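Here the numbering used here is used: position 76 in the sequence shown is 77, and no number is missing along the way. Working notes for the structure below.
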Amino acid sequence: MLPASRLETIIEGIRLVPSVKSIRIHTRAIVYEPKAFTAEKIDILARHGLRTTFHIVHPYEICEEVSEKIVALRAH
2 MLPASRLETI
12 IEGIRLVPSV
22 KSIRIHTRAI
32 VYEPKAFTAE
42 KIDILARHGL
52 RTTFHIVHPY
62 EICEEVSEKI
72 VALRAH
């Protein structure tokens with residue numbers, strides 16, 4: 002799992018590219034590893050204004066833990 006400090010370093014590096022106007026992350030990780038979305042990582046994503054898109058195939062993939070992480074991401 003990617004440490005929060007490394008995530009921030011990667012995002013900061015991407016932000017240095019003059020032509021980059023926005024950053025979007027598309028992932029299924031929230032479905033199979035919701036614990037990867039820690040409060041610290043959610044704060045990093047929010048602080049840098051990243052947009053996230055989750056590829057959820059079926060409604061049954063949205064368990065309580067996934068739902069809580071989505072709510073936390075949307076709250077920022």
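Glycine residues also receive a C-beta, built at the ideal position from the N, C-alpha and C atoms. Note that this is a predicted model, so its numbers are computed, not measured.
Residues of its chain near His-49, where Cβ-Cβ distance is below 6 Å and the 5 sequence neighbours each way are ignored: The residues Ile-12, in chain order, have a CB closer than 6 Å to that of His-49 in the same chain once the five nearest residues on each side in sequence are set aside.
Start and end residues, beta strand (DSSP E) containing Thr-54: Residues 52–55.
At least 3 beta-carbon pairs within less than 8 Å: the region 36–45 vs the region 15–27: Segments in contact, no.
Where Thr-28 sits in the DSSP three-state scheme: Strand.
Buried versus exposed, by CB contacts within 10 Å (16 or more), Ile-26: Ile-26 is exposed by the Cβ-count criterion.
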